[in-house]
Amino acid sequence: MNAIIISAVWGVLMMYAGFFLQSKRSIHLFAIVGICLMIACTAYEFLNGLPLFAIDTKGLLQYSNYALVFLMIVLISTLLYFILSGSEIDATGKSTTDLYALVFFILTGIAVVAGFRSLLMLFLGIEIVSIPLYVLAGSDKSNLKSNEAALKYFLMGSFSSGLMLMGIALIYGDVGSFYLDAIRAGFGMLTPMKGAGLLLILASMSFKVSAAPFHFWTPDVYDGSPTVFTSFMSTIVKSVAFYAFLTLFDHAFGKLHEHWKLLVAIIALATLLIGNITAVFQQSVKRMLAYSSIAQAGFMMLSVFAINTFAKQGLLLYFAAYSFATVGVFAVLSKMKDHSIDSFNGLSKSNPFIALSVLISLLSLAGIPLTAGFFAKYYMLLAVIREGGMVWLVVTAVICAAVSVYYYFRVIQAMYFKDSAEADGTEFSPYFKWAMVLNAILIIVLGIHPDLILNLI
Amino acid sequence: MPITEILFWALSAAAILAALLVIFSKNPVHSVLWLIVVFFAISGHYVLLNAQFLAIVNMIVYAGAIMVLFLFVIMLMNMNAEQEPNKSKWMKLAGIISGGSLMLILVASLKNSTAIAGGQDAGIGLIQQLGRTLFSDYVVPFEISSILFLSAMVGAIILGKKEKNMNETNFSKF
Amino acid sequence: MFAAIDNFPALLIWIPLLGGLLSFFVKDAKQAKSSAIVFAASSLLVLLVSMNYAGKENLQVNQVSYEWLSAIGSNFGLILDGLTRSMSLLTAIVFLLVFLLVPSDQYKAAHKFYGLMLLAQCGLVGVFLATDALVFYLFWELALIPVYFLASIWGGEKRIKATFKFFIYTFIGSVLMLVAILYMYNKTNATSFGLSAFFNLNNTASEQYWLFGAFFIAFAIKMPLFPLHTWQPEAYEQSPAPVTMVLSSVMVKMGLFGLLRWIMPLFPLAVKEFNTSILVLIAFGIVYASLVAIYQDNIKRLIAYSSIAHIGLMAMGILTLKEVAVSGALIQMFNHGINILALWMIAFIIERQTGISSISKLGGLAKKAPVLSIFMVIAVLANVALPLTNSFVGEFMIFNGIYQSNKLLAAFAGLSIIFSAVYSLNMIKNVFYGTESQAASVVKDIRGVEILIFIILTVLILIVGIYPQPFFQMFSDALGLILTKYNS
Amino acid sequence: MPINYYIFLSVCLFCIGIIGVLTRRNAIVIFMCIELMLNAVNLLLVAFSRMHHAAAQALDSSSLAGTEAQIFVFFIMVVAAAEVTVGLAIIVMLYRNIHSVDINFLNRLKH
Amino acid sequence: MNGMIKFGYLIPMLPLVGFLINGLGRNFLSKKMVGLIGSGVMVFSFAISLFVFNQVSAEGFNTEILFLFDFIKTAGLDIPFALQFDQLSTLFLLVITGIGSLIHIYSTAYMHEESSTHYARYFAYLNLFVFFMLILVLGSSYVTMFIGWEGVGLSSYLLIGFWFTNNHYNNAAKKAFVMNRIGDLGFLLAIFWMLAQFGTITYAGVFEKAGTVPVSVVTGITLLMFIGAMGKSAQIPLYTWLPDAMAGPTPVSALIHAATMVTAGIYMIARSNVLFSLAPVTQNVVAMIGVATALLAATIALRQNDIKKVLAYSTVSQLGLMFLALGVGAYTAGVFHVMTHAFFKALLFLGAGSVIHAMHHEQDIYKMGGLRKKLPVTHLTFLIGCLAIAGIPPFAGFFSKDEILTAALEKNIVFYVLGVLTSLMTAFYMFRMYFLAFHGSFRGTDEQYHHVHESPVAMTMPLVILALLSIVGGWIGIPAVFAENAHRLSNFLSPVYATTHVQNEMHVSHTTELALMGSVVLLILISIFSAKQFFAKADIAEERSSAFGKLLENKWYIDELYDFIIVQPINQISSFFARIIDIKIIDGMVNGVGKLIHFSARQIRLIQSGQVGSYVLIMVVSIILFFIFQMFWKI
């Protein structure tokens, strides 16, 4: 609740910040202060069980501990994102403050989604997240790729919103309420209307989380958008979409789990296969990361498939692991001259600490033990096994994980085992280096003690 | 046949016909106009369903504001029918077939629903009733939607603002 | 004695880990080398002290468990029993000798090199000590990472491709194992990863079949067994020599160790079901690898294929389920580590001096390097299991077990005894004997530390070969766990 | 009036919208087709609102059941308006760059 | 345990100490020291052996086992490392240490040209060999025997390849080792079988239980053992390494490849007489292989020109005769022949060594001639050796060979005939060699002629001693036909065969035996005279080669045959496996998975067309499929 208010207010403040803050650095700092404030308030709410500003939402919004932990993870990721990539936001366009404002508005949407208890709030939250994203995708206005990404994202995003609305309408027609609890109560038996609504919502949510076969927008949009916003989209926004997916299917459709889990399993399988296999082919790190985000979505789909305790706990861990790691890699990538793998050549020689941090991030993405990514994947697999019966899904998942090693390690190979042909002029500030190292330490700490997050829930 | 039923069929026919014309008109301007017809027909349906407030809003917001915006943009771009080259035949065919089969499947899967819309009068569609609910139970989403508008506004400004370095040479960025 | 007596197993992990991390901060190559030697030696010392203690107190098994990840039922459980003692001993010896042998100026950025080596040692020891499946899996993967980097940074021309293949190959195997571990964990009601908890699970036959499959593939790739072996010759050829030494002396034992520690106690039904067919496959693999070794011209590839054959033999010994063969395999795991280390060291010395590892381009080294050639002959004889060398004891017992379970198979696998003589003697003949080749002219004989290393190895070869009894006493308790479920 | 009629009608409109999205190349027309889809949903929601209201009134004459659907429609319109703002801005931006709104030109991003 | 046997472990230990001192000190010790140590340990060892023999030969001596330590004692295996002293092992002990000492002494002079390092290496190897040989005969179990068994193979390998710069020698060494290994595998399998069947591997344990198992099992075990014996004792089909082994220094050939190591197979079978007697099938096989080898090797020896090759084939042939003896159950005869053969064959080899030494490493008998004046001692002793091997009474060979032939006659007349034939050929080719080398005129270069000189005392002394032994050695086994109960060897060895029903007394009547004996000796004399006719001429050209002669000269092309049917196929299979199966197929499949993923990545990528229309189309189609799926699966 606090997060909604603070982010909205901070968004408005950011819009005007351009008038009284002159240097980009102070704008950047101002944004970081806002995030820190949000984190502090969310932590307060988590610890005390009460928000600072209590507003009666008539049951439309409700923040459980789970939601708050989720929100904190997202906010911490955003903080890291700001620290690591803030300078790139500055570089994207002249209207820096506006872009920051949009990010804060997106955070508002995220906070709404975190607490939604009604389909209305879900719809609104997702739209508040999506609409600024269309803009951010196209924020590099002079770049045709960015334009194209924005339009594609916009058209397909609206289309999927349409599908979702149709689904919501059908569900409403059957149940007569938008409240998740009411829907759950009315979901004792599967009527054709519910079935159709559920499928349409499944399709549109799959689109939002870029699960196959609704993933096609992902590579194009991620590739075309300014790298700094790709980073945001592929981590924080994706986490939110998954959170919404899981919460919706757990709270509203949980009773009919048996009826849709096979379908979700198929989606997860397709996502894993397509994401991992196609990523193998990519020559551009950015596009590779786009496919990798599809591949990771395949793993996260497993939690939607299982929706048990492991799935829910693990998904939060996954968000943290995935977001931290991806933000780190993208932060370095956005400073590179081009996005080809070769631009990473010899990084370990010129910038050993940066290379080490990227290495740890990549290991985490690949799910190597003692990084956060391992336990994240571990929980997904465990959740599926706990659910029973779908060993083939687990086996495919782990084999896909092994395939993912292939493309992540290509970057590692470039950094550590290849020499750069010419001296790369990329300069990294000490501040950035320390931030990267911090990020890496965070990943390792979570890899050794995942209970730091798990015990919160 | 009661008058409402006649009206229902007439409005439905108009809506579907107009919708088909929207997608099959070559000229975007015609599409816009036909879409306005659809909206009017739908507004008619709202009235039939005792949702008078929504009927009005639909006409004002959709037919009035949004469609005018569309028209404005189309005019701005000076589009006419010849400008749009045909999509490949196969693509079109595939689109129609899949759209049609989706419809068939939806209809087939929904045809068992037998609930009947009752004929009793209710005041929920009136502005008074809706307004009260909106500002009591739904005030939070209402406020939040302001953020939505705000962000849309900021976004439109960001995208619409002309930047100095934009020129015609940016094709080189391909 | 010590108050911290229970911490021996943990010390064995912490010492190399600490040493490895410290090493990254030592810039001077010589210092890095000496610090690595100190850490490796102290590992060995700790191990010896613990063995002495175990002998005195008659406390063969030293098991500890530290709290870690209590939320998911995993404990940092470690065990020092006969089996792990011998494997840790091997690890400690191998690393110490490798550090002693390799000159500090051999590799650029030596501090990183030694650091990664020590980290690899930490991972390897962890694999051997773990009693908790999750910890085992973690170390299993962790041992791989430093080795991957070592091989890729300091390896030969095609290092990146070869080591990557090695990495992916073993990774695929290990993730399958992870699935099986998770499955069993789930069966304990998600309460424990402990070996004993897994041991008490009553898995049905069909469950055991696929669990066994998942574990076995992981281990078979690591060993490697035919036909999953093709990563090995390439990896051995391309890795820097110290890494190859570690890989083939210690790392491949991980697979055998896993077979003993995890597969045998946990999946008795599956083992009984499949062992015959696997035995046939391995027997073919042994002969196959020996034959392929005959063809090889590169010393490294030759040793690699010879290793495939020998490892296969040990795996066969274990899968015969005969007590004699299993204890033979236990001792042979240690012996093979020592023998192949000696072979690799010789190959390393030759290649360092001549830059050549092709057998046909060498020749007549014995004249220039008589001492080296003596040790080579000893190492080769140990490799072909000549009596009074260590391998004879192990292979004799293994063959004995195989023979008890299947006469024809023993005879067929026995062909490898002949072939191993063929390729080993060919190697001696073409590398050391004959007329002096051009390459031989630059060769100098070994001296100083190198001689000391080979003397240590020779002593180990002979002592175990002549009086293996202490080892058997050490193994007596480990055998119990391995074979309990087969004795009824 | 059976609710089925409304369902079929809105499904028809919805699918016509989808067909439009699939068959047209002009980004603006596609966008219009999406608006058509949204309107189909609106119609359906209003019909359901009516249905639930009637059903609830049969039990309790003071029931306000069905209001939420109309509110929902209202919010859909809000969102649609915001979407149109941004969407048209994007289309105009693109037009300024490539002087076309043909989505078939949008294929710089593949692989 | 009493008397000298307590110190029995010193017998093998001394050579081992010699090996260690000479091996480690090879860079420091002078040649004199090396020779002293190398020979000294042998002489000491021999001395202790004499004491032990003395103790063993006492009346009422029972087998004594000297337990040293547990070799393998775990998991149901109990293999002690222990030495067994009984009549058979002490007899071999004497032969080994005795002849070994002589050959060591001989070597001090023969190898004098070597540099001191290699000189020391030579003695170290030689001592090592003796150590292993002693372990072989002294071991109290088959495993201990196997340790020595493989050990002597190793020493033989090292000594054959002593001059390691010569690749031919290395190949010969390798061949010897590998062929021995083939046999060893058989032996090893026999050990496993025994372990599985009897649960123990000590001689005592095995023999005790031997009667309780089915004959087929014993047959199998003994056949496998015989495969081991084939390898070590150079019998068909594993005999081809022995002639090649002549690449080693001549004293080595004398010690290892004539007197001791190659008789290990005979020792093994004699030791296992309990088992073999229980398996008549094996016995027949042994006899047949033995007689076939004897004949084949003899034919080949007829046309060899290398002095050492002739002796080598003669050794193979004599070994065949010994196996014939074992095969027909005349274990004593076999062992007897081992002993006498050790004397005269060592003598012949050392004599040949002396000749070669004098001729500056010329080994072709066609390049010699008339050496009897220049090398009087060598000539005389060589002649004694030839007479002994030819079986002329009263030389040693006569008695042992006669015993074998008589035993063969009892078993099967064919064996007898073939045995006699072999003896005739033996006499012929031995004297062919003798006449070519020592009679006629010198056919070498002038330079060689001037350098020919008698060998030093260290070399001639062993020759003389061995010549004496070759004369008197046979007298310990005088057949009953000459004097009742004069077969002292038989009496001595009888405890070894206590449990076996060996018929030592002959069924052939004494008159027949005498007649046959006489006629055989006559035939042998005829064949010697014909050899004289052919080869004792002053001037002789190379024999012209008939087709058959060529066949013999080329050793029946057996080596080529092996090359064609074994070596080549193995090399081809190996190359096929390495190049095709391993790299192309198995590794190809592994890489193929990677390629497949790359390929599918490229294909899947094509769906990513960049067209919004097609993306949406796929989405819609997927939704349709979802609906269909749902309808059909009723989820």
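Chains as they are written, first to last, in our numbering: chain P, -9 to 447; chain A, -6 to 167; chain C, 13 to 500; chain D, 51 to 161; chain Y, 974 to 1608. Heads up, the beta-carbon is just placed ideally off N, CA and C, and yes, glycines get one too.
Chain-order list of residues whose beta-carbon lies under 7 Å from that of residue i (same chain, five-residue window excluded)
| i | result |
| --- | --- |
| Asn1000 of chain Y | Thr1090 |
| Pro1216 of chain Y | Lys1282, Ala1285, Tyr1286 |
| Tyr1130 of chain Y | Ala1146, Ala1149, Phe1150 |
| Asn1143 of chain Y | Gly1134, Phe1137 |
| Ala15 of chain C | With a pLDDT of 41 at Ala15 of chain C, under the threshold of 50, the modelled position of that residue is not reliable, and no figure is offered here. |
Minimum Cβ-Cβ distance from residue i to chain Y less than 7 Å
| i | result |
| --- | --- |
| Lys142 of chain P | yes |
| Leu95 of chain A | yes |
| Phe484 of chain C | yes |
| Pro236 of chain C | no |
| Val79 of chain D | no |
Residues of its chain near residue i, where Cβ-Cβ distance is below 6 Å and the 5 sequence neighbours each way are ignored
| i | result |
| --- | --- |
| Pro252 of chain C | Trp166, Gly167 |
| Phe224 of chain C | Phe279, Ala282 |
| Ser991 of chain Y | Here residue 991 of chain Y is Gly; the residue named in the question, Ser, does not match the sequence. Ile1010, Gly1011, Val1014, Asn1100, listed in sequence order. |
Min CB distance residue i to chain D below 7 Å
| i | result |
| --- | --- |
| His170 of chain A | Since the first and last residues shown for chain A are -6 and 167, residue 170 of chain A lies out of range. |
| Ser148 of chain P | yes |
| Ile331 of chain P | no |
| Leu1590 of chain Y | yes |
Neighbourhood of residue i by C-beta distance below 8 Å, restricted to the same chain and skipping five residues each side
| i | result |
| --- | --- |
| Thr366 of chain C | Leu374, Ala451, Ala452, Val454, Val455 |
Test: residue i CB closer than 7 Å to a CB of chain A
| i | result |
| --- | --- |
| Gly1583 of chain Y | no |
| Met(-9) of chain P | no |
For the structure I just gave you, are there three or more beta carbon pairs, one from the segment 1220 to 1227 of chain Y and one from the segment 1271 to 1278 of chain Y, closer than 8 Å? no
With 7 Å as the limit, tell me which residues of the segment 258 to 275 of chain P have their beta carbon closer than that to any beta carbon of chain C; keep them in chain order. none
Contact list for the segment 154 to 185 of chain C against chain P, Cβ threshold 8 Å: Leu154, Ile157, Phe161, Ser164, Ile165, Arg171, Ile172, Phe176, Phe179, Ile180, Phe183, Ile184
Using 8 Å as the cut-off, can you tell me whether the segment 1331 to 1341 of chain Y makes contact with the segment 1365 to 1377 of chain Y, which would need three or more C-beta pairs spanning the two stretches below that distance? no
Relative to chain P, which residues along the segment 124 to 138 of chain D have a C-beta separation below 8 Å, given in chain order? Phe125, Ile126, Val129, Ala132, Glu133, Val136, Gly137
Segment contact, 8 Å Cβ cut-off, at least three pairs: the segment 338 to 349 of chain C with the segment 369 to 387 of chain C: no
Can you confirm whether the segment 401 to 409 of chain P touches the segment 337 to 355 of chain P when touching is taken to mean that 3 or more C-beta pairs between the two stretches lie within less than 8 Å? yes
Quick check: the segment 130 to 144 of chain A against the segment 32 to 51 of chain P, are at least 3 beta-carbon pairs closer than 8 Å? yes
Inspect the CB distances between the segment 1199 to 1218 of chain Y and the segment 1121 to 1140 of chain Y and report whether three or more fall short of 8 Å. yes
Could you pull out every unbroken alpha helix (DSSP H) segment of at least 4 residues lying fully inside the segment 376 to 464 of chain C, listed in chain order? 377 to 380, 382 to 395, 402 to 417, 419 to 443
What beta strand (DSSP E) runs, 3 residues minimum, are completely inside the segment 1352 to 1397 of chain Y? none
Identify each residue in the segment 58 to 71 of chain D for which the Cβ-Cβ distance to at least one residue of chain P is less than 9 Å, and report them in chain order. Ser60, Val61, Phe64, Gly67, Ile68, Val71
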